[in-house]
Every structure is written in C-alpha cells, then in structure tokens.
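A.B. asks: In the numbering used here, the protein residues as written are 229 to 342.
Ideal Cβ positions, reconstructed from N, Cα and C, are used throughout, including at glycine.
Note that the structure is predicted; figures quoted are calculated from it, not measured.
(1) Are the beta-carbon atoms belonging to residue 285 and residue 277 less than 8 Å from one another?
(2) Report, in whole angstroms, the separation of the C-beta atoms of residue 266 and residue 292, which I expect to be a contact under 8 Å.
(3) Taking the straight line between their C-alpha atoms, what separation do you get for residue 294 and residue 268?
(4) Excluding the 5 residues flanking residue 299 on each side, which residues of the same chain have their C-beta closer than 6 Å to its C-beta?
(5) Pick helix, strand or coil for residue 299, following the three-state DSSP scheme.
(6) Give the straight-line distance between the Cα atoms of residue 311 and residue 323, rounded to the nearest whole angstrom.
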C-alpha cells in the first residue's frame, strides 16, 4: 500500500526523467581562441623624450600619445558594442536556467507534500 502512496511522486520523477532525456541539448558554443581574437591597430608612441627634449619633441610625443589612447578607446567601445548581444543572450540563458530549476524544485516539493 505504501507503494501507491508514493505513486504520484514516482510518476512525476519518471516523467521528469523522460522529459530531460527527450530534449536534445544545443551544442555548446566554442570559446574563441587567441588566434581568432581581434587586435587593435593602434600604434604606440615611442618613449617619452625626457626633460632635455625640445618643446616641439614633447608636443609631438603628446600628440602621438593622445592619438594612441583615443584609438584604444574607440577599439574598446567597438568591441563592447559587438559583445553586448552575446552578453544579453548569456544573461537570458542564465535567467531561464535559474527559473527552470526553481520551478522544478517547487514541483518536487509539492509532490513530496502529497
């Protein structure tokens, strides 16, 4: 008789197991390798000319430095814009997973209470 008392929980567990195996998981995305990683094309300024350099040399170096940092900022901004949809998809998948686990746990608890 105790077998029939736990029958709903057993049926639910069996159905959940069958449903879990029936789903075909998506192939995981492959992580980009260093070889496929984009690199910036910003040219670094040379070494700082030092205190003995002329004002013209210092200003020239400063222009190169500002150009370099502006180029890096643009590259970072562009890469961030490219990554944004992927980050959103990642977060949505994590939220969906967490919600699914929460619902599954609630259903298990309800089945145990019966």
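C.D. replies: Per the coordinate set shown:
(1) Here residue 285 refers to the residue found at position 57 when the chain shown is read from its first residue. Here residue 277 refers to the residue found at position 49 when the chain shown is read from its first residue. Yes; because the gap between Cβ atoms is below 8 Å, this pair is in contact.
(2) Your numbering for residue 266 matches position 38 in the chain shown. Your numbering for residue 292 matches position 64 in the chain shown. About 23 Å; that fails the 8 Å criterion.
(3) Start at 1 with the first residue of the chain shown, and residue 294 comes out as number 66. Start at 1 with the first residue of the chain shown, and residue 268 comes out as number 40. Taking the straight line from one Cα to the other gives about 16 Å.
(4) As a first step, residue 299 must be located in the chain shown, where it is residue number 71. Cβ within range, chain order: 270.
(5) Along the chain shown, read from residue 1 onward, the residue named residue 299 stands at position 71. Note: residue 299 maps to helix in three-state DSSP.
(6) Here residue 311 is taken as the residue at index 83 of the chain shown, counted from 1. Here residue 323 is taken as the residue at index 95 of the chain shown, counted from 1. Going from the Cα of residue 311 to the Cα of residue 323 covers about 18 Å.
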